[in-house]
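Colleague: Chains as they are written, first to last, in the numbering used here: chain L, 1 to 247; chain A, 248 to 758.
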Amino acid sequence: MKVLATYSIKGGVGKTTTAVNLARQAAASGSRVLLWDLDPQGAATFFVRVKPSVKGGADRLVSKTGSLAANIRATDDPAVHIVPADFSLRHLDLALDDTKHPTRRLAALLAPIADRYDVALIDCPPGITLTSESVFAAADALIVPTIPTTLSERTLDQLTTFLSDHPPAPMVLAFASMLDRRKRLQRDTLAHLMADIDGFLPTAIPNSSVIEQMGVHRSPIADFAPRSPATIAYQNLWADIAGRVWT
Amino acid sequence: MTVATFQLPGKDVTAIVASLAELGFVFGPPRTLTTTLVDTFDGRLHRSGLRLELRTSEGIELVLSGADVVPAHLLLDTAPAVVADLAPGPFRSRVASLVGIRALLPQIRVRMEQSAGTWRDGTDKTVAVAELNERVHVVNGADTGLFGTIEIHEVPGYAKQTRRALEVLRRAGLAECSVDTLTQCAEAADVDLAGFKATATVPLHAPMAAIDGVRAVLANLEVAISANWRGAIDNVDTKFLHDLRIAVRRTRTVLAASKAVIPADVLDPASEGFKWLAGATGAARDLDVYLLEWEQYTAPLGVDTATALESVRDLLTRHHRNAHVALSQVLESDRASALITDWRGWLDTPVDDDGLPRRAGHPIGKVVARRIARAHDALIDEGRLIGPDTPADDVHDLRKDAKKLRYLIECFSSILPDKSRKKYVKQLKALQENLGEHQDAEVHIALLRSITPELVSAEADANTMVAIGELIQRLEQTRLAARTEFAERFADYDSAATQHSFDALIEAISQ
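1) If the cut is a Cβ gap below 8 Å, which residues of chain A does alanine 79 of chain L touch?
2) Check the Cβ of tryptophan 238 of chain L against every Cβ in chain A and list those closer than 9 Å, keeping chain order.
3) Measure from the C-beta of proline 337 of chain A to each C-beta in chain L and report whether the shortest distance is under 8 Å.
4) Does threonine 373 of chain A come within less than 8 Å of chain L when only Cβ atoms are used?
5) 8 Å is my cut-off, CB to CB: does valine 54 of chain L come that close to chain A?
6) Beta carbons nearer than 9 Å to chain L: which residues of the segment 402 to 418 of chain A have them?
7) Once DSSP output is grouped into helix, strand and coil, what is the label at leucine 455 of chain A?
8) Below 7 Å on C-beta distance, what does tyrosine 117 of chain L contact in chain A?
9) Counting only C-beta atoms, is threonine 370 of chain A closer than 8 Å to chain L at any point?
10) I need the boundaries of the beta strand (DSSP E) containing tryptophan 366 of chain A, first residue and last residue.
11) Does the distance from the C-beta atom of alanine 570 of chain A to that of leucine 534 of chain A stay below 8 Å?
12) Going by the CB atoms, is the gap between leucine 345 of chain A and serine 312 of chain A shorter than 8 Å?
13) Hey, out of A:Leu299, A:Ile611, A:Asp512, A:Thr528, whose CA is closest to aspartate 589 of chain A's CA?
14) Can you give me the C-alpha to C-alpha distance between leucine 491 of chain A and glutamate 754 of chain A, rounded to a whole angstrom?
15) Closer than 8 Å, CB to CB, is isoleucine 241 of chain L near chain A or not?
16) Span of the beta strand (DSSP E) holding glutamate 398 of chain A?
17) Taking the Cβ atom as the reference point for each residue, do valine 54 of chain L and isoleucine 82 of chain L lie within a distance shorter than 8 Å?
18) Helix or strand or just coil, what does DSSP make of glutamine 543 of chain A?
19) Name, please, each residue of chain A whose Cβ falls closer than 9 Å to the Cβ of tryptophan 246 of chain L.
20) So valine 357 of chain A and valine 342 of chain A are in contact, right, with Cβ under 8 Å, and what is the actual spacing, rounded?
21) For the segment 571 to 596 of chain A, which segments carrying the alpha helix (DSSP H) assignment without a break, of at least 4 residues, lie completely within its bounds, in sequence order?
22) At which residue ranges does the segment 142 to 201 of chain L contain complete beta strand (DSSP E) runs of 3 or more residues, listed in the order of the chain?
23) Would you identify the three-state DSSP class for asparagine 467 of chain A, choosing helix, strand or coil?
24) Helix or strand or just coil, what does DSSP make of serine 742 of chain A?
25) Bridge partners of threonine 380 of chain A, per DSSP?
26) Across which residues does DSSP place isoleucine 307 of chain A in a beta bridge pair?
27) In chain D, what lies closer than 8 Å to aspartate 76 of chain L by C-beta?
28) Please report the distance separating the alpha-carbon of lysine 191 of chain A from that of proline 516 of chain A.
29) Taking 8 Å as the cut-off, does the segment 549 to 557 of chain A touch the segment 474 to 489 of chain A (at least 3 CB pairs, one atom from each stretch)?
30) In the DSSP output, what is lysine 2 of chain L paired with across the bridge?
31) Does DSSP put histidine 81 of chain L in a helix, a strand or coil?
32) Going by CA-CA distance only, name the one from A:His384, A:Ala466, A:Ser362 that's closest to threonine 596 of chain A.
33) Name the residue from A:Val273, A:Leu502, A:Ser660 whose alpha carbon lies nearest to the alpha carbon of threonine 365 of chain A.
34) If you run the structure through DSSP and keep just helix, strand and coil, what is threonine 99 of chain L?
35) For the beta strand (DSSP E) that tryptophan 36 of chain L lies in, which residues bound it at each end?
36) Just by C-beta distance, which residues in the segment 194 to 228 of chain L are closer than 8 Å to chain A?
In structure tokens:
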């Protein structure tokens, strides 16, 4: 099982929509996917219509007796399961801090189910916290949505610096998210990111109203707009990621 | 995953649908679904607890599932014949790790009118799934008639709703089936989803008459020969020819060991016939192996050399094609047909005790012990004569003798004590590996040398000729390394430890 995490220090960059749509694309290409919603807002959980619930809350989940298997729910795609989030995850940092090896805890939770899935996709909350450090230790790759703006570029730089200071680090697979090609500044920044950032993925996800409609439809866009440019972009993004992760 | 399957009553199913609708199930319109269970000839997926279904309705979908296995699915344009036809990714990797080089073959094809029922909660989330299957029938085999089922599928995390659906169907008095719809179809059509897996031996008892024991083993080998015959003709995958050849070689070994057991008028033509058959299958198998291991041979030479060797591969591929055409002609010939028919005829007919050779009535254990002991002693004697300058043919003869000994042990393993057999075979296997490496390199060098004139007359590129020289040189190094290692390997085999495990092996059956 490969562990991927949609992650960014910055909020509102499209982490959750990326996680949900990539889960759908991974399943369509023959993978068994576990989506793990670690964000207390539970947006990924909401998008797949699952009730927000972590049995016993964050404390029990990361305790010695905690297990992911007990929390797994099917989504409407038989190949995608989810470990839903709930509001108790706002205390996840504290709960992890109470464990013996906090940064190894999430990897330890994934280990018993590694044979059941081909891909675990963790949807992370923003920021660099103990939770994110535990994600870094568990993940094979971080999928980093990056809006082509100066501020996003700066946070990507912060992330790569942090990771290089804290080895071993997962692979960083950044890509352009919420791209508005009408904006010259975004186009220029994207060109700059593609040229300068090693491993920056070629596929960009457009800033699209279809993606916003996920909240209304509560499903990945491939389910309600299968031929939209955004769906095709996620399909290509998954191919980019698979090409990097499975080689 | 299917939680439970119920038999539908012959007539109206409206009441059942209505009962489920009361819970919240909504059924879609029926669609014609054709499902083909796909597996290897030897049922590798089934034996691993997996099921690969090719579902054809509006499009083609491949579904890999199993008990307590999260289902994976792929949309396809065409049905895959081999794993390599699937796009790279986890799905292909999982299937490839189990099926290897074997072709994906349809085991059973089932057609039905299926209505999918889903129960959704207040947020429109699916919490239980039912499939109403009507007019279910097998379309690629025996006429199994029409029947109907309703299956309840698990939705992980929503066990309560699944339980309630099951309660409704049980209350309605529907008969619960012990297996799901597709398995029922396979059973009705007499299709064994475990496939065909050849075994070398059959259950034997050391005191039984040698003629009975030998015939039981030979009959079992004949089943393997016949089972792989068609696949070898059609070259469905290389394992068919491999298994056919193994069964033929084992047959020859058992025949050679049965001169005092099987009447000469049966033994002689059979020995002659199977010798001819083994010889006729050799070229195709050698080329199968060469092409299967091509990457392994050429990759260490570097990309440039490997590229320069592509035209050699093309030529070998042509030879391979021709060799398989020739093989098919042999297997479809009157001589081959008569050989197998006569052989099967003798195996199926009870033997007349009168006129049987002198050891036919001896205990099989004693007869086998004597033959194995003789083969072991010969191997030791011949091996001791092999030195650095011994011709390659003598090394090859030693390899053949080691193989025959191994086949004898395998074919009569059911009367040999497990522990000492495994210990002894481990030692024998180590020697065989060394002899095999030497022989494979020898055969492949000879093959490359034999096609070199063809390449010259076809005015092959100079780079190709240089590359073929490099490949021969590399194979020669492998051959020499194996030859150098032989002394050590043989010394390990020709040891007190081997003799000890060998004595224990035959002591138990030679009483």
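In this text, a Cβ means the ideal position worked out from N, Cα and C, and glycines have one as well. In this text the structure is predicted, and so the values were computed from the model without any measurement.
Modeller: This is what the structure holds:
1) Position 79 of the first sequence holds residue 79 of chain L. Going along chain A in sequence order, the residues near alanine 79 of chain L (Cβ under 8 Å) are Val317, Pro318, Ala319, His320.
2) Here residue 238 of chain L refers to the residue found at position 238 when the first sequence is read from its first residue. The premise fails here: tryptophan 238 of chain L is roughly 10 Å from chain A at the closest Cβ pair, so nothing lies under 9 Å.
3) Here the question's residue 337 of chain A lines up with position 90 in the second sequence. At least one chain L Cβ lies under 8 Å of proline 337 of chain A.
4) Indexing the second sequence from 1 puts residue 373 of chain A at position 126. Among the CB atoms of chain L, one or more fall inside 8 Å of the CB of threonine 373 of chain A.
5) Residue 54 of chain L sits at position 54 when you count from the first residue of the first sequence. With 8 Å as the cut-off, valine 54 of chain L does not count as an interface residue toward chain A.
6) Hits within the stretch, in order: Val402, Pro403, Gly404, Tyr405.
7) Position 208 of the second sequence holds residue 455 of chain A. The sequence given here places methionine at residue 455 of chain A; leucine does not occur at that position. Coil at methionine 455 of chain A, not helix or strand.
8) As a working note, residue 117 of chain L is residue 117 in the first sequence. In chain order: Val317.
9) Numbered from 1 along the second sequence, position 123 holds the residue referred to as residue 370 of chain A. Chain L contact via Cβ: present.
10) For this step, residue 366 of chain A is matched to residue 119 along the second sequence. Counting along the chain, the unbroken beta strand (DSSP E) around tryptophan 366 of chain A starts and ends at 352 to 367.
11) Counting from one through the second sequence, the residue named residue 570 of chain A turns up at place 323. Counting from one through the second sequence, the residue named residue 534 of chain A turns up at place 287. Yes, the pair counts as a contact, with Cβ atoms nearer than the cut-off.
12) Residue numbering aside, residue 312 of chain A sits at position 65 when the second sequence is read from its first letter. Residue numbering aside, residue 345 of chain A sits at position 98 when the second sequence is read from its first letter. It is not a contact, given that the beta carbons lie outside the stated cut-off.
13) Locating residue 589 of chain A in the second sequence gives position 342, counting from the first residue. Comparing Cα positions, the closest option is A:Asp512.
14) Your numbering for residue 491 of chain A matches position 244 in the second sequence. Your numbering for residue 754 of chain A matches position 507 in the second sequence. One C-alpha to the other measures close to 32 Å.
15) Start at 1 with the first residue of the first sequence, and residue 241 of chain L comes out as number 241. No, isoleucine 241 of chain L does not count as interfacial toward chain A.
16) On the second sequence, position 151 is the one that residue 398 of chain A refers to. Per DSSP, glutamate 398 of chain A belongs to the beta strand (DSSP E) from 394 to 400.
17) Here residue 54 of chain L refers to the residue found at position 54 of the first sequence. Here residue 82 of chain L refers to the residue found at position 82 of the first sequence. Going by C-beta atoms, valine 54 of chain L is not nearer than 8 Å to isoleucine 82 of chain L.
18) Along the second sequence, read from residue 1 onward, the residue named residue 543 of chain A stands at position 296. Correct three-state label for glutamine 543 of chain A: helix.
19) Against the first sequence, residue 246 of chain L aligns to sequence position 246. Neighbours of tryptophan 246 of chain L across chain A, judged by C-beta separation under 9 Å: Pro335, Gly336, Pro337, Ser340.
20) What you label residue 357 of chain A is simply residue 110 of the second sequence in a count that begins at 1. What you label residue 342 of chain A is simply residue 95 of the second sequence in a count that begins at 1. At roughly 21 Å, the Cβ-Cβ gap does not stay under 8 Å, so valine 357 of chain A and valine 342 of chain A are not in contact.
21) Runs of alpha helix (DSSP H) with 4 or more residues, each lying fully within the segment 571 to 596 of chain A, are found at 581 to 595, listed in chain order.
22) Fully enclosed beta strand (DSSP E) runs of 3 or longer: 171 to 179.
23) Counting from one through the second sequence, the residue named residue 467 of chain A turns up at place 220. Helix at asparagine 467 of chain A.
24) Residue numbering aside, residue 742 of chain A sits at position 495 when the second sequence is read from its first letter. For serine 742 of chain A, the three-state secondary structure derived from DSSP is coil.
25) What you label residue 380 of chain A is simply residue 133 of the second sequence in a count that begins at 1. The residue you asked about is not threonine; residue 380 of chain A is asparagine in the sequence shown. Per DSSP, A:Gln361, A:Thr396.
26) Counted from its first residue, the second sequence places residue 307 of chain A at position 60. Isoleucine 307 of chain A pairs with A:Thr303, A:Leu323.
27) Although the question refers to chain D, the structure presented lacks it and instead comprises the protein chains L and A.
28) Chain A is shown from 248 up to 758; residue 191 of chain A falls before or after that span and cannot be answered.
29) Output reads no: the segment 549 to 557 of chain A does not touch the segment 474 to 489 of chain A.
30) Taking the first residue of the first sequence as position 1, residue 2 of chain L is located at position 2. L:Val119, per the DSSP bridge assignment.
31) One-based indexing of the first sequence puts residue 81 of chain L at position 81. Strand at histidine 81 of chain L.
32) Residue mapping note: residue 596 of chain A aligns to position 349 of the second sequence, counting from 1. Nearest option by C-alpha distance: A:Ala466.
33) The count along the second sequence starts at 1 and reaches residue 365 of chain A at position 118. The shortest CA-to-CA distance from threonine 365 of chain A to any of A:Val273, A:Leu502, A:Ser660 is the one to A:Val273.
34) For the purposes of this step, residue 99 of chain L is taken as residue 99 along the first sequence, with counting starting at 1. Coil at threonine 99 of chain L, not helix or strand.
35) As a working mapping, residue 36 of chain L is identified with position 36 in the first sequence. Residues 33 to 37.
36) The residues in question are Arg218.
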